[in-house]
Amino acid sequence: MHLRMLLPTLAVGMLVLSGCSQMPSLPGQQLPPPAKPKAEEPEPIGKTSPLPPAEQPEITRPPTSAKPSEPPPRSPKEVSSSAVMSLIDSADKFAREGEWDRAAALLERALNIEPRNPFLYQRLAAVRLGQKQPQQAEALAGKSNSLARRNPFIRGDNWELIAEARRLSGNASGQKKAMDKAEQYRLQSAAYQ
Amino acid sequence: MAKKPRKRPQARKRKKTVKPRGNWFRRLFAYLFLLACVGCVALAGYAIYLDGEIRARFEGARWTLPAKVYAKPQDLYAGLELSREALIQRLQRQGYRPDDSLTSTGTYRSSGNTLDIHVRAFSYWDGERPARKIRLTFAAGSITEFKAMDNGEDLSLIRLDPLLIGSIYPTTGAGEDRILVQLDEVPDMLPAGLIAVEDKSFMSHWGISISGIARAALADLKAGRIVQGGSTITQQLVKNFYLDNERTLARKAKEALMAILLELHYSKAAIMETYLNEVYLGQDGSRAIHGIGLASYFYFRKPLSELQPSNIALLVAIIKGPSYYNPRRYPERARQRRNLVLDIFYEEGLIGEQAWREAKASDLDVGSRGQATTARYPAFIDLVKHQLRGQYDQADLTEEGLRIFTTLDPSLQAIVQRQLSSGLDAVEEARGIEAGKLEGAAVVTSVEGGHVLAFVGGRKAGYAGFNRALDARRLIGSTIKPFVYLAALEQPRKYNVLTPLDDSPLSVQLRNGDVWQPRNFSRRSHGTAVPLYYALAKSYNIATARLALDVGIPNIIDTLQRLGYPEQPLAVPSVSLGAVNMSPFQVTQLYNTIAADGYYTPLTSINAVTTAEGEPLSRHQLSLKQVVDSGTNFILTWIMRRIMHQGTGTGAYNVLPADMEVAGKTGTSDGGRDAWFAGFTDNRVAVVWTGNDQNEPMNLTGATAALPIWARIIKNIDARSLMPQPPENVATLPLRLIYAPGRVAYGDAGAQQMRYSRECDDAILVPFIASHVPNGLGRCDSDILSWRSSGPRDDNNDEPGWFERLFR
Numbered sequence: 245m246h247l248r249m250l251l252p253t254l255a256v257g258m259l260v261l262s263g264c265s266q267m268p269s270l271p272g273q274q275l276p277p278p279a280k281p282k283a284e285e286p287e288p289i290g291k292t293s294p295l296p297p298a299e300q301p302e303i304t305r306p307p308t309s310a311k312p313s314e315p316p317p318r319s320p321k322e323v324s325s326s327a328v329m330s331l332i333d334s335a336d337k338f339a340r341e342g343e344w345d346r347a348a349a350l351l352e353r354a355l356n357i358e359p360r361n362p363f364l365y366q367r368l369a370a371v372r373l374g375q376k377q378p379q380q381a382e383a384l385a386g387k388s389n390s391l392a393r394r395n396p397f398i399r400g401d402n403w404e405l406i407a408e409a410r411r412l413s414g415n416a417s418g419q420k421k422a423m424d425k426a427e428q429y430r431l432q433s434a435a436y437q
Numbered sequence: 023m024a025k026k027p028r029k030r031p032q033a034r035k036r037k038k039t040v041k042p043r044g045n046w047f048r049r050l051f052a053y054l055f056l057l058a059c060v061g062c063v064a065l066a067g068y069a070i071y072l073d074g075e076i077r078a079r080f081e082g083a084r085w086t087l088p089a090k091v092y093a094k095p096q097d098l099y100a101g102l103e104l105s106r107e108a109l110i111q112r113l114q115r116q117g118y119r120p121d122d123s124l125t126s127t128g129t130y131r132s133s134g135n136t137l138d139i140h141v142r143a144f145s146y147w148d149g150e151r152p153a154r155k156i157r158l159t160f161a162a163g164s165i166t167e168f169k170a171m172d173n174g175e176d177l178s179l180i181r182l183d184p185l186l187i188g189s190i191y192p193t194t195g196a197g198e199d200r201i202l203v204q205l206d207e208v209p210d211m212l213p214a215g216l217i218a219v220e221d222k223s224f225m226s227h228w229g230i231s232i233s234g235i236a237r238a239a240l241a242d243l244k245a246g247r248i249v250q251g252g253s254t255i256t257q258q259l260v261k262n263f264y265l266d267n268e269r270t271l272a273r274k275a276k277e278a279l280m281a282i283l284l285e286l287h288y289s290k291a292a293i294m295e296t297y298l299n300e301v302y303l304g305q306d307g308s309r310a311i312h313g314i315g316l317a318s319y320f321y322f323r324k325p326l327s328e329l330q331p332s333n334i335a336l337l338v339a340i341i342k343g344p345s346y347y348n349p350r351r352y353p354e355r356a357r358q359r360r361n362l363v364l365d366i367f368y369e370e371g372l373i374g375e376q377a378w379r380e381a382k383a384s385d386l387d388v389g390s391r392g393q394a395t396t397a398r399y400p401a402f403i404d405l406v407k408h409q410l411r412g413q414y415d416q417a418d419l420t421e422e423g424l425r426i427f428t429t430l431d432p433s434l435q436a437i438v439q440r441q442l443s444s445g446l447d448a449v450e451e452a453r454g455i456e457a458g459k460l461e462g463a464a465v466v467t468s469v470e471g472g473h474v475l476a477f478v479g480g481r482k483a484g485y486a487g488f489n490r491a492l493d494a495r496r497l498i499g500s501t502i503k504p505f506v507y508l509a510a511l512e513q514p515r516k517y518n519v520l521t522p523l524d525d526s527p528l529s530v531q532l533r534n535g536d537v538w539q540p541r542n543f544s545r546r547s548h549g550t551a552v553p554l555y556y557a558l559a560k561s562y563n564i565a566t567a568r569l570a571l572d573v574g575i576p577n578i579i580d581t582l583q584r585l586g587y588p589e590q591p592l593a594v595p596s597v598s599l600g601a602v603n604m605s606p607f608q609v610t611q612l613y614n615t616i617a618a619d620g621y622y623t624p625l626t627s628i629n630a631v632t633t634a635e636g637e638p639l640s641r642h643q644l645s646l647k648q649v650v651d652s653g654t655n656f657i658l659t660w661i662m663r664r665i666m667h668q669g670t671g672t673g674a675y676n677v678l679p680a681d682m683e684v685a686g687k688t689g690t691s692d693g694g695r696d697a698w699f700a701g702f703t704d705n706r707v708a709v710v711w712t713g714n715d716q717n718e719p720m721n722l723t724g725a726t727a728a729l730p731i732w733a734r735i736i737k738n739i740d741a742r743s744l745m746p747q748p749p750e751n752v753a754t755l756p757l758r759l760i761y762a763p764g765r766v767a768y769g770d771a772g773a774q775q776m777r778y779s780r781e782c783d784d785a786i787l788v789p790f791i792a793s794h795v796p797n798g799l800g801r802c803d804s805d806i807l808s809w810r811s812s813g814p815r816d817d818n819n820d821e822p823g824w825f826e827r828l829f830r
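Sequence lines, in order, name chains A and B. Heads up, the first sequence is in the working numbering, so the first residue is 245 and it goes up one at a time. Heads up, the second sequence is in the working numbering, so the first residue is 23 and it goes up one at a time.
Spelled out as structure tokens, the structure:
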């Protein structure tokens, strides 16, 4: 499948879709090590260069020293009920086999049980990429962001999904911006390592 | 064989013309013989003709099958908020029965804090699910443990087979509805009992039964009129299947002939199976219940395989006269005949003595009238049809037996219907309105996913009349205001929750020369500096109209359309005060978008459609579109919560617990013709409309007529409190909300300002777009901006704000 070949090129290679060589890691299940900061200092968060439409300035507050003691959830296991986890597991299985529609159906069923679970929206966004629906993927990742509040783990993954969605729809500059966002959240996540 | 003798008499006849005066008696005989022979030929030809007709009908597609509509299947899992009692109620509604042995599907066993269920097998849109035995443990109104009791694969959740809520059958014609069954799915007792009661010699006769006819004739003779038909099961099938209801001798003969032909071609089993699928068993409004498959659901809410002897006997009893023995209308008559049938079952050895006694003592078990009938959900089924239009041909829906899986929650629907009906009674009584004059509609959705959970089109349950929830277009009044304020808040440089609005009298010259002069409900003006949130909370008309003119009516219409309003209202100033006609369904769509963090999801009543055999045809896919910035949506929701705490919605807390956060808006049209309340919680949107079908002034208000109903609905549908958490681009400040009209802003509020005081326990967190917090505003300040600062600060002085760029 075209997409499954493409996706491993994702910088931090999170996804579902990677399925080519070994067991792919799904968002949140097994996060890659945080990306190292670039040589030059990243721009201070919140005062980024002009943002493209459809993006909000994120008045992000870098984690304070108190925060790392209780990191936000980074895997669906930490917040999902066993019923939802069993649906996620089955959905992951179908996603690995490229059975996107069945995976989507299971995730949507899980969403009926936990309609505010950001990991579910994130997974569904990934599945929409598999279904070749980049716009829906971006919308779902955005919804996951709004539900994730300040959780940098989820947000980082979501921005990667958004970057990929934008790449698929030929929006190179949007993709770059989403990658930058993802990078910012990786840095924030690093505070919890 | 027929031709040869014919020639001979003719030859003879010719010879005899020579001597005509011979034997005229012989001539008559010859003519009669000839006639008989012609008759034989004609009969044979007729029989061949009938034979073709019989075979064509019997072997062709025998019935058109209306689409079957199912409610949402209930997922059961640990963590589900559902009490044991509520679940048992639900099980009973779906025909599950208590049985400690749990051997049959469709049974449950309840003890202490556990509930064991033998869940039925069911074919869903995503595949077949086998029957399973599960054990649920309950505590404090929730399922705390879920486990499988059989040796099947591991389970963490299971769907309870969905309630069949109706069918889509043609609006013209007899409205025949049925579910086809195969003979091997039918409990043996049913055909055997039918034979014992209706046609003892069925297994041996060849279509007609001489002894049966003789017996019937004798009875008829005795009575002096036709009291017994003497029909075999085969004849009854022929009668139902091929003939009209005429009662003449000729028709009787045709019936007998066809019955014989049918028996010649087909096995007893095939004839029995067709009979069981064809037979008429009752009426549900304009829908005719045919076949034992549907009758089993119609009367007992369960599949055939689970029918008890008493149920089977009742079905056999009803066949004799479905309206005369209607068990819901004439329970005593039906019971007597059922017991008679049970006696025959017992005499024939179909049932043991113990079971016979138990069955005779048992209830009819047919539920209340109207339970498990389409009539209960006419408005919802109408919505389903509406939403299927364009995707499926009418013929496919009414003939192919499609299975439609919907989003309806039957328990919730029942609650909403009950609250609407009793609420309207109460409003009529309280306001001295003639009983029955008010009508209403209510819609409840799931927020996320936009699933329509309940859809009530009128105050009378099950009355399939005008579907107000979908088709009534009524003025929405102030219900529109949140969208006016949303359009304003989308310009955070210009507007925030504290921006002072001018509520002084307004007069606008319209293009057509008319003058538009909006008035407040109280007929008073509230000065020139009402904080924006307050003007919406109190639903001030003039302040809103001025704000709308400032924002621009086209911008407001654009906002409505972005949120899901599909029409194009005329861009006139009065739009800002709700001079737009909308259906309750359309209003629900708008509020659902706000409830879902500003993500638009089209409301849906359909989850999936499969063929009669279960092959999936289409599945509704969740789709989202962000149409409002999360921060702006959060701020609007915050104001809509203030409406409930200090504005026109406070009445809700007469019903709801004080710690439950809800958001919503009242609406009232001119003369109190329409009263609305639209609002939401974390997991439910509910919209209630009340008014009069003739659009007469009723002096209703949203707050007094619609809100109490809304609040009672919300209280009873497992609605969860909002859990507001500001998104990243929102900053909140604790402020003291002290504004009240008439209070001299400068002196009073100014004197009480204690900006850096820590003692502001009564402060409330007020949200702002973080980059646009008003200049100089600090913790524990008041909500009165006018004396200190008239406009919000703009952090990005050098370049246009992102919002301006976004919504230019």
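For each residue, glycine too, the CB sits at the ideal point set by N, CA and C.
* Does the beta carbon of Gly272 (chain A) come closer than 8 Å to any beta carbon on chain B? -> Since pLDDT at Gly272 (chain A) reaches only 41, below the 50 mark, its modelled position is unreliable, and the value read off the structure follows with that caveat. No, because no Cβ of chain B sits closer than 8 Å to the Cβ of Gly272 (chain A).
Q. What residues of chain C sit near Ala349 (chain A), judged by a beta carbon separation below 7 Å?
A. Although the question refers to chain C, the structure presented lacks it and instead comprises the protein chains A and B.
Practice item. Examine the Cβ distances between the region 401–421 of chain A and the region 370–382 of chain A and report whether three or more of them are shorter than 8 Å. Key: yes
Query raised in the report: What residues in the region 610–628 of chain B bring their beta carbon closer than 9 Å to a beta carbon of chain A?
Result: From the region 610–628 of chain B, only Ala618, Asp619, Gly620, Tyr621 have a Cβ closer than 9 Å to chain A.
ask   = In three-state terms, what does DSSP make of Ile628 (chain B)?
value = Ile628 (chain B) falls in the strand class under three-state DSSP.
Task: Same chain, Cβ closer than 6 Å to Leu205 (chain B), neighbours up to 5 away in sequence not counted - done: Ala291, Glu295
According to DSSP, is Lys420 (chain A) part of a helix, a strand, or is it coil?
helix
Requested in this report: With 8 Å as the threshold, decide whether the Cβ of Ser105 (chain B) is near any Cβ in chain A.
Outcome: no
Considering only residues of the same chain and omitting the five flanking positions on each side of Met776 (chain B), which have a CB-CB separation below 8 Å? Residue confidence is low: Met776 (chain B) scores 42 on pLDDT, short of 50, so the model does not pin down where it sits. No coordinate-derived value is stated.
When Cβ atoms are compared, which residues of the region 71–101 of chain B fall closer than 7 Å to chain A? Asp97, Tyr99, Ala100, Gly101
**Prompt:** Along chain B, which residues have their Cβ under 8 Å away from the Cβ of Pro359 (chain A)?
**Reply:** Ser468, Val469, Glu470, Gly471, Asn705
### Task
Can you tell me which of the three DSSP states Gly61 (chain B) falls into?
helix
Exercise for review: Confirm, please, whether the CB-CB distance from Thr254 (chain B) to Ile230 (chain B) is below 8 Å.
Suggested key: yes
I'd like to know whether the C-beta atoms of Pro349 (chain B) and Ala381 (chain B) end up nearer to each other than 8 Å.
no
Option in B:Leu592, B:Ile564, B:Val63 with minimal Cα separation from Asn577 (chain B):
B:Leu592
Who are the neighbours of Thr637 (chain B) on chain A, taking C-beta pairs under 8 Å?
For the sequence presented, residue 637 (chain B) should be read as Glu rather than Thr. Identification of chain A residues near Glu637 (chain B) by a Cβ-Cβ cut-off of 8 Å yields none; the smallest Cβ-Cβ distance measures about 14 Å.
May I ask you to list the residues that DSSP assigns as paired with Phe702 (chain B)? B:Ala685, B:Val707
Span of the alpha helix (DSSP H) holding Ala392 (chain A)?
378–392
Discussion item. Within 8 Å of any Cβ in chain B, is that where the Cβ of Ile303 (chain A) sits?
Written reply: Residue confidence for Ile303 (chain A) is low, a pLDDT of 40 falling below 50, so the modelled location carries little weight and cannot support an answer.
Mind listing the chain B neighbours of Gln366 (chain A)? Cutoff is C-beta to C-beta under 9 Å, in chain order. Within 9 Å Cβ-Cβ: nothing; Gln366 (chain A) doesn't reach chain B, min ~13 Å.
Can you tell me whether Tyr321 (chain B) is helix, strand or coil according to DSSP? Secondary structure at Tyr321 (chain B): helix, using DSSP grouped into helix, strand and coil.
- [ ] Spatial neighbours of Tyr555 (chain B) within its chain, please: CB distance less than 6 Å, with the 5 preceding and 5 following residues excluded, ordered by chain position.
- [x] Val519, Ile661, Arg664
Can you tell me whether DSSP reads Trp85 (chain B) as helix, strand or coil? coil
task = Report yes if the CB atom of Gly620 (chain B) is closer than 8 Å to the CB atom of Ser645 (chain B), and no otherwise.
result = no
Can a CB atom of chain B be found closer than 8 Å to the CB of Arg346 (chain A)? So yes, Arg346 (chain A) belongs to the interface.
Inter-residue spacing [alpha-carbon to alpha-carbon] between Leu326 (chain B) and Arg357 (chain B): 20 Å
(message) Considering Cα atoms alone, identify which of B:Leu185, B:Glu589, B:Tyr562, B:Val709 is closest to Gln441 (chain B).
(response) B:Val709
| query | What is the rounded straight-line gap between the Cα of Gly202 (chain B) and the Cα of Asn395 (chain A)? | reply | Gly is not the amino acid found at residue 202 (chain B); the sequence shown has Leu there. Leu202 (chain B) and Asn395 (chain A): Cα-Cα distance of roughly 54 Å.
**Request:** Just the C-alpha distance for Pro294 (chain A) and Thr467 (chain B), rounded to the nearest angstrom, thanks.
**Result:** Summary for Pro294 (chain A): the model assigns pLDDT 37, below 50, so the residue's position carries little reliability; its value from the coordinates is reported in the next sentence. Distance between the alpha carbons of Pro294 (chain A) and Thr467 (chain B): 39 Å.
In chain A, what lies closer than 9 Å to Glu461 (chain B) by C-beta? The premise fails here: Glu461 (chain B) is roughly 32 Å from chain A at the closest Cβ pair, so nothing lies under 9 Å.
Run through chain A and tell me which residues come within less than 7 Å of Gly645 (chain B), C-beta to C-beta. A small fix is needed here, since residue 645 (chain B) is Ser in this sequence, not Gly. Within chain A, the residues near Ser645 (chain B) are Gln380.
Starting from Gly386 (chain A), find everything on chain B with Cβ-Cβ shorter than 7 Å and list it in chain order. Neighbours of Gly386 (chain A) on chain B, chain order: Gln648.
For the region 736–769 of chain B, which residues have a beta carbon sitting closer than 9 Å to at least one beta carbon of chain A?
-> Met745, Gln747, Pro748, Pro749, Glu750, Asn751, Val752, Ala753
Quick one: is Trp46 (chain B) buried, meaning 16 or more other Cβ sit within 10 Å of its Cβ, or exposed?
-> exposed
Classify Met745 (chain B) as buried or exposed, calling it buried when 16 or more other Cβ atoms lie within 10 Å of its own Cβ. exposed
- From B:Gly117, B:Pro679, B:Thr428, residue whose alpha carbon lies closest to that of Pro95 (chain B): B:Thr428
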